[in-house]
Structures are given as structure tokens and as C-alpha cells.
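There are 2 protein chains.
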Amino acid sequence: MKPLFALMILTLATLVTGCQSMGMTEQATLRGTGDLGLVVERAAGSVLVIDHSEHEILGRVTGLGDLSHASVVYSRDARYGYVFGRDGGLTKVDLLTQTIDKRVIQSGNSIGGAISQDGEYVAVSNYEPGGVNVFDSDTLELVMEIPAEYTNAEGQPAQSKTVGLVDAPGNRFVFSLFDANEIWTVDMLTSPPEVSRFDAGKAPYDGLITPDGRYYIAGLFGEDGLSMLDLWQPEQGVTTILPGYGKGEKRLPVYKMPHLEGWAIADGTAFVPAVGHHQVLVADMESWELVDRIPVHGQPVFVMASPDSRQIWVSFAHPRNDVIQVLDSRTHEIIRTLEPGKSVLHMEFTPRGEEVWVSARDSNRITVYNTRTLEKVATLDAKSPSGIFFTNRAHALGL
Amino acid sequence: MKPLFALMILTLATLVTGCQSMGMTEQATLRGTGDLGLVVERAAGSVLVIDHSEHEILGRVTGLGDLSHASVVYSRDARYGYVFGRDGGLTKVDLLTQTIDKRVIQSGNSIGGAISQDGEYVAVSNYEPGGVNVFDSDTLELVMEIPAEYTNAEGQPAQSKTVGLVDAPGNRFVFSLFDANEIWTVDMLTSPPEVSRFDAGKAPYDGLITPDGRYYIAGLFGEDGLSMLDLWQPEQGVTTILPGYGKGEKRLPVYKMPHLEGWAIADGTAFVPAVGHHQVLVADMESWELVDRIPVHGQPVFVMASPDSRQIWVSFAHPRNDVIQVLDSRTHEIIRTLEPGKSVLHMEFTPRGEEVWVSARDSNRITVYNTRTLEKVATLDAKSPSGIFFTNRAHALGL
């Protein structure tokens, strides 16, 4: 019987390999994808696949190109992350197998993207040559080019840089045209997709959509205030909110214009990084009046509300970027100042908010805190980590 | 070489079976779990595992006992559903393999449950013998019994029926004691878990927690109004809101006291089923004053906001339960009356709200609508379907 036994072992080995090619390696066991996420390793051009239940790194996926300012959205089954690189690269990462499923270089220079409400389309916002490209989320085939054409100061047709691209309810995309001072909506339910244009303020440099998908707000580089479009009543056009926001706020050198994804929208109140001040601004979202200015450690970059809106976590601009401050959303008091490491770049709450992950680029470290005790519960090694993105974003409008 | 070839085929067959036992059957391929869900088939004691991207039934899991009023919560990895049966059964269903992972009969008669913020604990609310049982979410081993003891009208110690059990931020559970007129919170971060008691109104019969986890509201069977506890300031105790709500509302025979999970909380406004009226009540959540009464088709049971808060979908009590009405949340107008089938029991929006699934028990049918066009996009056969629960609930407080 010996030869037969040996043959079976050999066959077993072959078939185990067969199983592996179906994705049954150690890293690709059958598992839920609700507690997974990606951490961007900017300098290395790689992403870590993490499990936030176990505080565990499941694998590293390399070869994603230039990941400065990289961001991630997720497929509606929460299996695939779409990573938007700075070099125009769009990479679809399979979190279960920890491999690149597909990758395209879709422009010379891009800045973020979005996935449609129905999960069918992935759109990317481009600086070079401008415009927005829309892809099939399954195949990454190009579905549509939106050149974002306008007439420039010389009266010539040109393509605008696009920024602040988000998804909106009704299967729409919304974005701003930096060079054309406009906000556009694209309706992916009509065929061909219908584009609507709205005049906005000067030089929109970023945008956000409120968590319910109703208000689109663009930050302005060319003037004070922000441009807001009510997507429930777009026929009313764009209005200006927080008229003093921007240059009028400047007193200190501005190290970084705050990203608008660094706004916390909690319970009818917006907590907003002041431009060039060591302050978090608090605005009532009904009247858009400033109701408070909270003095903080440095110039805020990310101001993020915990999922229960109970805490506001704030990160800061260089050179005061080695701490995080936690504010009470009701009393506006600083509850705690934490030191997660050097050059804190991003934070991500677990879906129900019991923990938060914080990246410290120059300490090559992720620190996980319990949001109730504010104690450290885990640290993980990462190469110059920047953005952290969990898969529950698959289920949230505008993320 | 023929015998060798035959042997290899045989071995292949054996090993494919080996793979199957690892979960590699046709129904258990490697896949994301973000777009899965369970549909309760009440009469059959079974649940359907569905894929809401493909409008597809992946499998049926049988043997879950009495599923009247059954509800479901999900593990934090969105792989397992915990099904709370009426007969005290607690069943952990694996959505990837479409099998029962574990099942316990934990009491004689139960009514719903919750999973803790950190995903470690599953709690079940019991009528017989009363109290709450807490289980390890992985093993379903009993971790803790909370007997819900009180002194009854005869001065004797007794156990109360418990209702309205939800999870709250800070890893707490909150529930109401029907017999003891109290609301209790249980802190699962302290050891042993600390119980706090609050006086409530008479005979709380159900409860809800607002989506941010701040306010716990109990409906009252024994008096008008509702009891509300602000979990941010529990030391202030319970206050009464909507003082006319309940018996004072009754004009028609009441076919069903509305479940409180049938409240829509949208943008600072609560849309609430009137008791015994063909009306949806609209209350401002700051003042808790009634701001409108919307006349509708019948006595509302479920009043649910779409994820973008743009629409309010309403189902109705017997005998007017063959339609759904869709209201505009801004204008309060009825936009559309739909007829999904006989005895409409439940609705569930897809996570980003582009579609909604509606169960019609006596038509043995699920109908899927596009929320923008309000057109039917799919129908699925099911045996007397009742509750529909999608896995993105894993990531939402109080669900």
C-alpha cells in the first residue's frame, strides 16, 4: 500500500494548491468583511489590510504608485477598496485575498473619487487634464468622460481641475470646478447622464456632503465664505455660508488649507477647523451662524465626530502635529490631550465608535484608543501610515 | 496509466469534499458580506439568506423555532446574524455557509435582543421568566443573568418582563421593565457589569434609541405620553414627552400598539405612528411638540425614513395593510401609494438607500423598489415573509 499512500499525499499537495488558487490561502479564509479596512502607506506605495476586531494586520498590498493624499471608497459588498492615487492611478484592492484585483492609470494627476449610491460606478476627480472620469466598478472600464469644459479668462475653451467629488442620493455625483467657479451634478440614472451646472464662489478647492446627502458645501480659495448647494432644492442655486470663513480668518501663517472632509457634522452642529487659527469653530447648521470658537492646541486639520456625536477628535497641522485633542461635543471642553506619535495624519472610528485608530506617520505606527476610557488598547507597525479607511464606508452616503 | 488516473479522480472527489467541509460549497464561495441580509419566514421557522446587490436568494436556513416577532442583529464582521425567536430561541446563523452556527433555548418566551457596541455580547429580553440574559457572541455561552427583580403590588419579590432592549454607546445595554415601571442601563465595561435604575411611566411596552445613541424612549401601555432618558445626562432622570400620545390619542379601535422601532428619526424630527388614528404624527425633537398630523391610508405600523431622510415610508395595520405610502419628509405630502401585496409586514432600505425591500406575508413575496423612481425593480418568492434585516445593521448603534 505504500506507493498508493505516497501518491495520495502528492495529489493532496496538488489539490491544496488548487484550493489556494481559488483563494483558500491562509490569508483568504472564508470570513465576513464588515470589520476590515485599509491603511495607506504613502511613501511605500502600499496599503495594509487590517482587521479591526482583532487589531491585526492581515497583509500588505504593494505597487499602488504615488499615494500622497490617497483616499479609498468601497464596493457595496464591502469586499473591494478603490484606492485613488495622486498619480492618476485607480486601484481595486481585494481585501479578502489581499491582492490587486484591477488597476488603471486614468489621468496624469488626480485627487480623490467616489462610488455611486448603487455601487455601479466609480468616479475620479482629475487635475491633469481636468474633468471627471467614470468607471464601471466591476471591470474598471471607462464608462464616461466629463471634461469639465469652460471658457477661460482669455475666452478660450479649457478643461477645469475638479475637486470635492462626492456621491449623492438619487445616484448622482457632485463636484466643484476649481478653474470655472462652478459646482456640477451628474445624474447617473438618466441616459446619457445629465449634467447640471451651478455658479459657485471663486476657486473652490474642496467639497463635502452632509451625512444625509442633502447639502453640498465647497471651500473657496479665492474668497471668504463657502458655497452651499441644497440638493433637495437645487433650483434655488448656491448660497454663501460662514461669510468670514477663509482669508478673513487668517491671522497666523496658514500651514494647510483644511480639507472639508475634516469637518464634523454632529446633531445639527458643524465643528469646523479655523483657517490659520488655533481654534475649532462651531456653527449652527440651521442659521449657519458661528456659535462658539474653541481654543485648541494648534491649527486643526481633521475635526471628526465620534459615531455617537459625543466626542470631537481633532488633529493638527505641522509643526504642532504630534498630539490629538478630544473635545466634549456638548460642553466644548477639552477632555484629553493624547500623544499617538510624530506627525499624526488621520483618524478613523470603528463603525459603532467604541474605538478609534490614529496614524502617526513619522513614528511608523497606528495607535488604537478606546473612546470611553481614552486609553490605548493596541499599537500596530506601519510604514509611514497616512489615511485609514474601514469597510463600513461602503454603506454611508458621501464616503 | 488508467488505474492511476481513476485513483486521482477518486482522490479529487474526496478532496473536493474536504474543501466543502471548509466551507467551499457552491453556496459558500469567498465573498464580501456587506450586501447580505436575512428575511424571516415566520410560519416556516426559517430564514432566507439574500444578496441585495443581485436581488438573489442564496439559501434557506431551517429549524429556528417560533419566529413570530423575530428580529435580527449582526456580528461586527457582518458574517453572523443572531435571530431572536419568540420561544426563547437564540440562533446564530452563518450567512456565508447558510447554516446554523450555534443555537440555544435561553428562556421560555422572549422578545428581541441587542448586540453590544464592541460586538462581544448578545443580550436577550425575556417575558418568561423575565429579566435579560447576556451571552458571549462567539460561543453563545451564558455570561450573565439580569433577573430584573422588583417588589410587586403584594410586596413580594418578582421578576419583571423586559422590553425595548437596545445597545447604547459606552458598551451599555438599556431596557424597560414592563411590570416594574423602570428603565435600566447595564454597563458592560465595568466588572461586574453595573446596573442603574430609573423610574419610568406605567407599563413600558417597547423602547427605541435615537440613531446617535443619546435618547432612550419607552412607549407606555399604562398611561399617555412616553418616557425619555437622556443617556448623556442620566442623572437628570426620565422625562415625559408627547404627553397626549397613547390612550389620549385613541378614537378608533387600536389594532396594534405601534412598535417603537417603527419611528422615523430624521433630521431633528420624529415621524411617529398615531395610536388608533389614520395619521402620522410629526414631532420636533428639541421641544417634543407636535408640529403636524399627516392623514394617511390606515393606522400606521412602521414609519421609516430613507437613509437620506428624504422620504418617509409607511406600512399599515390590519385590515388596511395591503399598501405602502411614501411621504415627502419636507412637504409632508403623500408622493405615492404602492401595492406590494397582501399583509405588508416590514421594509428595509439598502444601506445607501437606493432601493427598499418590502415583505408581503400573504402574497409570499418580497418586492424591491427603486426609491427614486418608486418603480418595482424585482420580486422574490418567500414563505410568509415578515422581518427583513440587512448586514449593515452590524455598523449602526441601536440596531
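Just so you know, the sequences run in chain order E and D. By the working numbering, the letter at position 51 of the first sequence is numbered 51, and the numbering carries on one by one without gaps. Position in the second sequence (from 1) plus 1000 gives the number in the working numbering. Don't be surprised by glycine CBs; every beta carbon is placed ideally from N, CA and C. Here the structure is a predicted model, which is why all the values come from computation and not from measurement.
Item                                                                                                                                                                         : Value
Determine, for T1099/D, whether the minimum Cβ-Cβ distance to residues of chain E falls below 8 Å.                                                                           : no
Under the assumption that Y74/E contacts A382/E (Cβ atoms under 8 Å), give the Cβ distance between them as a whole number of angstroms.                                      : Y74/E to A382/E, Cβ: 20 Å. No contact.
Please report whether the beta-carbon of S1309/D lies at a distance below 8 Å from any beta-carbon of chain C.                                                               : You won't find chain C in this structure, because its protein chains are E and D.
Shorter than 8 Å from the beta carbon of R1372/D to some beta carbon of chain E?                                                                                             : yes
Determine whether the Cβ of E333/E lies closer than 8 Å to any Cβ atom of chain D.                                                                                           : no
Out of curiosity, what's the CA-to-CA distance linking T185/E and D1199/D?                                                                                                   : 51 Å
Return the bridge partner residues of I1334/D from the DSSP annotation.                                                                                                      : L1327/D
Considering just the uninterrupted stretch of the beta strand (DSSP E) at P1147/D, what are its terminal residues?                                                           : From DSSP, P1147/D is part of no beta strand (DSSP E); its letter is neither H nor E.
Quick check on Q156/E: buried or exposed, where buried means 16 or more other Cβ atoms within 10 Å of its Cβ?                                                                : exposed
Taking 8 Å as the cut-off, decide whether the C-beta atoms of Q106/E and V61/E are in contact.                                                                               : no
First and last residue of the beta strand (DSSP E) that includes D1109/D?                                                                                                    : It should be noted that the sequence gives Asn, not Asp, for residue 1109/D. Note, N1109/D: beta strand (DSSP E), N1109 to I1115.
So T1240/D packs on S1227/D, CB below 8 Å; how close in whole Å?                                                                                                             : 6 Å
Could you name the residues of chain E that T1062/D contacts, counting a contact when the two beta carbons are closer than 8 Å?                                              : None at all; the shortest Cβ gap to chain E is about 21 Å.
Checking 8 Å against the spacing of the C-beta atoms, do V1049/D and P1385/D come in under that value?                                                                       : no
Quick check on N354/E - is its C-beta less than 8 Å from some C-beta in chain D?                                                                                             : One detail in the question is off: residue 354/E reads as Glu in this sequence, not Asn. Chain D contact via Cβ: present.
Would you call the segment 1164 to 1174 of chain D in contact with the segment 1215 to 1235 of chain D, where contact means no fewer than 3 C-beta pairs closer than 8 Å?    : yes
Determine contact between the segment 313 to 332 of chain E and the segment 340 to 351 of chain E, defined as no fewer than three beta-carbon pairs at a distance below 8 Å. : yes
For N1321/D and chain E, any beta-carbon pair shorter than 8 Å?                                                                                                              : no
Quick check on the DSSP output: the beta strand (DSSP E) that includes E286/E runs from which residue to which?                                                              : E286/E -> no beta strand (DSSP E), and no H or E assigned at all.
Which of the residues in the segment 84 to 116 of chain E, read from start to end, lie with their CB under 7 Å from any CB of chain D?                                       : L96
Hey, is S75/E's beta-carbon within less than 8 Å of any beta-carbon in chain D?                                                                                              : yes
How would you write the range of the beta strand (DSSP E) that S46/E sits in, first residue to last?                                                                         : S46 to D51
Examine chain D for any beta-carbon lying closer than 8 Å to the beta-carbon of T391/E, and answer yes or no.                                                                : yes
Flag A1028/D as yes if its beta-carbon sits less than 8 Å from any beta-carbon of chain E, otherwise no.                                                                     : yes
Near L1142/D, what residues of its chain come up, given a Cβ to Cβ distance below 7 Å and the 5 sequence neighbours on each side ignored?                                    : N1133 and F1135
Would you mind telling me which residues of chain E sit closer than 7 Å to G1059/D, beta carbon to beta carbon, in chain order?                                              : Simply none; closest approach about 14 Å.
Does any residue of chain D bring its CB to less than 8 Å from the CB of L189/E?                                                                                             : yes
What whole-angstrom Cβ distance do G1131/D and P1147/D have, given they're in contact under 8 Å?                                                                             : 4 Å
For D267/E, go through chain D and note every residue whose CB falls closer than 9 Å to its CB, in chain order.                                                              : D1212, R1214 and G1268
Where I1294/D and L1096/D are concerned, what is the direct C-alpha to C-alpha distance, given to the nearest angstrom?                                                      : 43 Å
According to DSSP, is P307/E part of a helix, a strand, or is it coil?                                                                                                       : coil
From the beta carbon of W232/E, is the nearest beta carbon of chain D less than 8 Å away?                                                                                    : yes
Find the residues of chain D that neighbour S46/E, judging by a C-beta separation of less than 9 Å, and give them in chain order.                                            : Simply none; closest approach about 22 Å.
Classify Q34/E as buried or exposed, calling it buried when 16 or more other Cβ atoms lie within 10 Å of its own Cβ.                                                         : Going by the sequence as given, residue 34/E is Gly instead of Gln. By the neighbour-count rule (16 or more Cβ atoms within 10 Å), G34/E is buried.
Beta-carbon within less than 6 Å of V1174/D's beta-carbon, same chain only, minus the 5 sequence neighbours each way: which residues are those?                              : V1166, A1168, T1185 and Y1216
Given that a residue counts as buried once 16 or more other Cβ atoms are within 10 Å of its Cβ, and exposed if not, what is D1077/D?                                         : buried
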